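Quick note: the sequence shown uses numbering that gives the first Met the number 0, first residue 0, plus one each step. Structure record follows, encoded as structure tokens.
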Amino acid sequence: MPKLTIRAWRNTAELLEVREMLYPPQGIEGPDPEHVELQRQGIAIVLTWARRTRLPHAMISTAQLFDVLVRHQYPLEGNALPPHIAQTLYASTIARTVTGLCDLAQASATKRSMFEVARSIGVCDAWVEIRHDITHGRLPGLRLLELTAQEMVEWLHDEFWDKLGGVAENCAWKKWQMDGEEAKLVTLLKAYLAARLQAARADLTARVKTSAATHAGFGAVAAGAGAATAGSDAAMHRTVREVSRICGRHATMWELLTQVLIREKMMLPRSGEVQMNGAFKLWDPLLQALAARRSVFVKELMAVLLAPLEVDDPPRGIHESWRRRALAGWIEHLFHDKAWRGLAAGDVWDGLGDKVLQACVLHVGEASWPSSLVNRVLKRKAVRKVWGSIWYAADTENEVEEPEEEEEEEEEEADGADGMQVDTPAMKMKTVRQQAGWHAWEGAWVPRPIGVV
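Below is the structure:
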């Protein structure tokens with residue numbers, strides 16, 4: 000008979016929401032009242048669950064460590080912890096966490112030392128040594144205990160909470176954070192774009208003046224263009240650093256970044272009159288620098304570029320038609336540019352090519368899929384092996400479909416006197432030879448009453 004497992008949380012969504020409360024996105028500078036309040040709520044929920052049933056050791060340890068950290072670092076008014084009380088709370092919580100982790104990994108048949116068990120599960124030796132000192136009455140300093148507790152909650156996030164997967168959809172922290180962080184991202188990207196445009200204008204001005212300048216004047220013009228380029232590079236590095244700080248390790252923030260990028264006046268030009276090459280030159284340095292820092296950024300960017308094109312409805316107006324062509328142009332550029340191809344492994348690009356060709360086959364929106372894009376993706380051998388025959392066969396079928404229907408009608412009229420007739424379509428010899436081999440019969444038996452002429 001199956002054993003009934005009782006969990007304290009109602010569903011997976013509630014568990015993920017508590018995770019978002021305990022681990023807000025990175026990049027918050029200084030204590031934030033709402034951030035700390037959400038952490039307190041998450042701690043209270045986990046401790047309430049612990050009263051209902053037994054929880055995983057990693058879960059209860061996370062709540063206890065955060066409880067001590069929040070009470071020590073952000074105390075409520077009039078409830079500040081004295082140093083010796085904080086030291087004792089840190090020590091007992093750290094010792095309990097390390098002991099529980101090692102006991103879970105200890106085999107009953109062969110006993111191993113705590114150092115051996117800790118190394119087998121990825122716990123560092125320093126934590127075991129601190130636990131040993133605490134057990135034997137030698138309490139480490141308060142600052143060392145505080146730093147150890149912070150390291151432990153990060154380790155528990157990577158080893159336990161992050162492996163739960165998924166994203167909480169209704170988390171209060173997520174809603175509060177998106178409102179403020181989106182505005183910060185827009186400001187950063189606009190500042191970067193302004194710096195790049197200024198450098199491009201300075202470079203264009205320098206080229207125009209060079210044609211009529213003397214040798215000395217040319218040197219001065221080149222120096223001015225070089226200063227603008229240096230300022231643009233500095234803006235790029237600053238933007239990469241700030242974007243990485245804001246987005247942190249949360250996939251939802253990086254998804255928000257890509258959505259902001261594909262809006263008008265960002266990666267996509269304002270109208271079809273603007274050449275896409277200009278957009279590539281403006282945004283490639285920043286996007287490639289972000290992709291170099293985050294290994295899955297290419298996949299995330301491709302998903303956002305591809306989503307608006309996976310529609311069957313034709314574009315509504317000239318503006319929507321141009322927007323789709325611009326998105327397809329970016330996808331083609333990612334597959335064509337050598338620098339972009341070097342930012343991800345070949346199997347990653349093969350997987351992205353499969354998604355693009357699948358969208359091309361399933362969603363045939365008007366003016367959405369330029370032939371140059373399809374041909375560019377099909378240049379990858381692995382993609383062509385899977386999708387080449389399907390794509391070219393579809394084109395061939397469209398070309399011969401109408402003549403075959405006409406031949407079927409002529410054959411039916413010629414043999415209309417038979418009592419029980421099989422409608423066999425007439426096929427040209429060239430088509431039969433191209434098909435070759437055995438094939439399933441795709442015709443139909445047409446019933447006719449006996450005796451009817």
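We put the CB at the ideal spot given by N, CA and C, even for glycine. Keep in mind that this is a model prediction, so the values were computed, not measured.
Worksheet item: Taking 7 Å as the CB-CB limit, is Trp48 close to chain B?
Response: Absent here is chain B; the protein component of the structure consists of one chain.
Discussion item. Am I right that Leu285 and Met252 are in contact with their C-beta atoms under 8 Å? What's the rounded C-beta distance?
Written reply: With a Cβ gap of about 16 Å, Leu285 and Met252 do not count as contacting.
Item to complete: Counting only the same chain and skipping the five closest in sequence on each side, list residues whose C-beta sits under 7 Å from that of Ser119.
Response: Ala104
Worksheet entry | Proximity of Leu187 and Thr257 at Cβ, strictly below 7 Å | no
Item to complete: Look up Leu289 in the DSSP assignment and say whether it is helix, strand or coil.
Response: helix
Practice prompt. Pick helix, strand or coil for Leu138, following the three-state DSSP scheme.
Written response: coil
Worksheet item: Under three-state DSSP, which class holds Leu143?
Response: helix
Item to complete: Can you grab the Cα-Cα spacing for the pair Lys110 / Ile129, in whole Å?
Response: 21 Å
Discussion item. According to DSSP, simplified to helix, strand and coil, what is Leu267?
Written reply: strand
Item to complete: Return the CA-CA distance between Gly179 and Ser371, expressed in angstroms with no decimal places.
Response: 40 Å
Worksheet item: Is the region 291-307 in contact with the region 326-333, if contact means three or more CB pairs nearer than 8 Å?
Response: yes
Worksheet item: So, are the CB atoms of Val67 and Tyr89 less than 7 Å apart?
Response: yes
Worksheet item: Lys337 lies in the alpha helix (DSSP H); which residues open and close that run?
Response: 337-340
Worksheet item: Any idea what DSSP makes of Ser112, helix, strand or coil?
Response: coil
Worksheet item: Is Thr52 near the ligand SAM, in the sense that its beta carbon is under 6 Å from a heavy atom of that ligand?
Response: Judged by which ligands are present, the structure shown has none, so any question about the ligand SAM falls away.
Worksheet item: DSSP on Pro284, reduced to helix/strand/coil?
Response: helix
Discussion item. In the DSSP assignment, the alpha helix (DSSP H) including Arg70 goes from what residue to what residue?
Written reply: 56-72
Worksheet item: The alpha helix (DSSP H) with Lys298 in it runs from where to where?
Response: 296-305
Fill in: Buried versus exposed call for Ser231 [16 or more other C-beta atoms within 10 Å across all chains shown]
buried
Discussion item. Is the separation between the beta-carbon of Val382 and that of Gly352 shorter than 7 Å?
Written reply: yes
Worksheet item: Buried or exposed: where does His71 fall if 16 or more other Cβ atoms within 10 Å of its Cβ makes it buried?
Response: buried
Discussion item. Since Ala62 and Ile42 should fall inside the 8 Å C-beta cutoff, what is the C-beta to C-beta distance between them, to a whole number of angstroms?
Written reply: 5 Å
Worksheet entry | Supposed contact pair Val152 and Val122 - C-beta distance, whole angstroms, cut 8 Å | The pair is not a contact, with the Cβ atoms about 14 Å apart (cut-off 8 Å).
Worksheet entry | Where Lys183 falls: helix, strand or coil (DSSP) | helix
Fill in: Close beta carbons around Pro369, own chain, < 6 Å, minus the five adjacent residues each side
Ala327
Worksheet entry | Environment of Val207 [buried if 16+ CB atoms lie within 10 Å] | exposed
Fill in: Inter-residue Cα distance where the pair is Leu80 and Ser91
15 Å
Item to complete: Taking only the alpha-carbon atoms, compute the straight-line gap between Ser243 and His135 and give it to the nearest angstrom.
Response: 43 Å
Worksheet entry | Where Lys453 sits in the DSSP three-state scheme | The question about residue 453 has no answer, for the chain in this structure spans 0 to 452.
Worksheet item: Nearest to Ile59 by CA position, among Phe159, Val127, Glu36, Trp321, is which residue?
Response: Phe159
Practice prompt. Between the Cα of Trp348 and those of Val360, Leu361, Val376, spot the shortest distance and give me the residue it belongs to.
Written response: Val376
Worksheet item: For Pro369, which of helix, strand or coil comes out of DSSP?
Response: coil
Discussion item. Suppose contacts are defined by Cβ-Cβ distances below 7 Å. Is Ala148 in contact with Leu64 by that definition?
Written reply: yes
Practice prompt. Report the residue from Leu361, Leu54, Thr204, Ala250 whose alpha carbon sits nearest the alpha carbon of Gly164.
Written response: Ala250
Practice prompt. Mind checking which residues open and close the alpha helix (DSSP H) that includes Lys354?
Written response: 345-361
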